[in-house]
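Which chain is which? The protein sequence lines are R and W, in order.
Quick note: to get the numbering used here, add 1244 to the position in the first sequence (first position is 1).
Quick note: to get the numbering used here, add 1244 to the position in the second sequence (first position is 1).
Data block below; observations after.
There are 2 protein chains.
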Amino acid sequence: MQVKQAVYLKRKKITYRSDCPISTALDIFGDKWSLLIIRDMLFKGKNTYGEFLKGGENIATNILADRLALLEAGGIISKTAHPGSKTKVLYKLTPKGIDLAPLMVEMIAWSEKYHQVHPEAIAFAKEIKKDKAAVLARFSTTPKT
Amino acid sequence: MQVKQAVYLKRKKITYRSDCPISTALDIFGDKWSLLIIRDMLFKGKNTYGEFLKGGENIATNILADRLALLEAGGIISKTAHPGSKTKVLYKLTPKGIDLAPLMVEMIAWSEKYHQVHPEAIAFAKEIKKDKAAVLARFSTTPKT
DNA sequence: TATGTTACTTGCAATTTGCAAGCATAAAAA
DNA sequence: TTTTTATGCTTGCAAATTGCAAGTAACATA
Chain R
1245 MQVKQAVYLK RKKITYRSDC PISTALDIFG DKWSLLIIRD MLFKGKNTYG
1295 EFLKGGENIA TNILADRLAL LEAGGIISKT AHPGSKTKVL YKLTPKGIDL
1345 APLMVEMIAW SEKYHQVHPE AIAFAKEIKK DKAAVLARFS TTPKT
Chain W
1245 MQVKQAVYLK RKKITYRSDC PISTALDIFG DKWSLLIIRD MLFKGKNTYG
1295 EFLKGGENIA TNILADRLAL LEAGGIISKT AHPGSKTKVL YKLTPKGIDL
1345 APLMVEMIAW SEKYHQVHPE AIAFAKEIKK DKAAVLARFS TTPKT
């Protein structure tokens, strides 16, 4: 007898295609949305579902919920009670998530070099070119010596 | 009168969701396969359709064809006649594609830090930690001074 | 007590993926 | 010269994923 399963996108288990580091990383955040959520947390200080929804790229509510679950499963973010409100949920980057900063920074630098991007991104790319270490230090998970 | 279109995945036009550099980059290679093709070209010297197929992650033939077309549309790779054979096609990274090396290197370093990867990747990550600039110099598109 | 706010879930149509099976051209072997 | 083989795709189709629009449940505020 079939039990009516909680249909929907209840993927929480990530399957890895190989032991290649690139493929492993892609198995966690290799899609069009995950890194945008991480961007919002890392660079824009967003940390609630509602804030992520208001991103400039119009993610659908179900996809956002799915990606948050996947990122949590991948150890990139953590989900806790919001200190200021019982209706809100607080999403935070884990150290593993914060450690994606160097990757994000290279991505911004590359994209800015070859595409037309918004003014703040141009300014940020200039900063990266000038002193990448300083930029990265603002996001580092490893304690400064 | 309907003309029988070449059905199938003939996407060649990339649409950009916003002028954010992260989202722009993802619009080009934000999926589970594109960066694996780039990996094969950058680190393994592969440059034919057949070689890409033999990657460790088992990409389907239609998806490979689609991604090669997309990467070409995104200016990441170029497609030319193979100098050694008329049946083969030569795929090469453009400077824009080669410039993804820093991104790839950060991705490898991150992944190796948090996941179990193959021995060569561990060795490569160690190299990166020791002297990232030296590693990157091997792939650089900008002439050494 | 009624109306918001916030974080989701659900149903469904439209895309996209993945698999297995072609197919066309060129080269090599018989 | 005929037959395989190699190479780079395309096609059909089922299954999975995405995207849109419309709920829903638990608080919170008026």
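Note that CB positions come from ideal geometry on N, CA and C, so glycine has one too.
Just so we're clear, the structure is a prediction, and the values are computed from it rather than from any experiment.
Quiz item: So S1355(R) is in the alpha helix (DSSP H); what residue range does that whole segment cover?
Solution: First-last of the alpha helix (DSSP H) with S1355(R): A1345 to Y1358.
Quiz item: With 7 Å set as the bound, which would you pick, yes or no: does the beta-carbon of S1267(R) sit closer than that to a beta-carbon of chain W?
Solution: At least one chain W Cβ lies under 7 Å of S1267(R).
Practice problem: Quick one: grab the DSSP three-state call for S1267(W). | Solution: Looking at S1267(W) - three-state DSSP - the assignment turns out to be helix.
Quiz item: Can you tell me the Cα-Cα spacing of L1334(R) and G1294(R), whole angstroms?
Solution: Looking at the backbone, the Cα of L1334(R) and that of G1294(R) are separated by about 11 Å.
Practice problem: On a CA-only basis, which of K1330(W), I1307(W), T1324(W) and M1351(W) is nearest T1338(W)? Give me that one, please. | Solution: Of the residues K1330(W), I1307(W), T1324(W) and M1351(W), the one whose Cα lies closest to the Cα of T1338(W) is T1324(W).
Self-check item: Coarse secondary structure for T1305(R), derived from DSSP in three states
Solution: Helix.
Practice problem: List the residues of chain W whose Cβ lies closer than 9 Å to the Cβ of A1381(R), in chain order. | Solution: The premise fails here: A1381(R) is roughly 16 Å from chain W at the closest Cβ pair, so nothing lies under 9 Å.
Quiz item: Going by Cα to Cα distance, which pick from K1374(W), L1280(W), D1375(W) and A1353(W) is closest to A1365(W)?
Solution: When only C-alpha atoms are compared, the closest one is A1353(W).
Quiz item: For V1247(R), does the three-state DSSP call read helix, strand or coil?
Solution: Interpretation of V1247(R) is limited by its pLDDT of 37, a score under 50 that renders its predicted location unreliable; no figure is taken from the coordinates.
Self-check item: Through-space distance from H1326(R) to M1348(R), alpha-carbon basis
Solution: Rounded to the nearest angstrom, the two C-alpha atoms are 26 Å apart.
Quiz item: Among residues of its own chain, excluding the 5 on either side of A1381(W), which ones have a beta-carbon nearer than 8 Å to its beta-carbon?
Solution: Excluding the 5 residues flanking it on each side, A1381(W) has same chain C-beta neighbours closer than 8 Å at K1388, in chain order.
Exercise. Indicate whether A1345(W) and F1296(W) have their beta-carbon atoms separated by less than 7 Å.
Key: No, the Cβ-Cβ distance between A1345(W) and F1296(W) is not below 7 Å.
Quiz item: Between the beta-carbon of S1355(W) and the beta-carbon of A1317(R), is there less than 7 Å?
Solution: No, the Cβ-Cβ distance between S1355(W) and A1317(R) is not below 7 Å.
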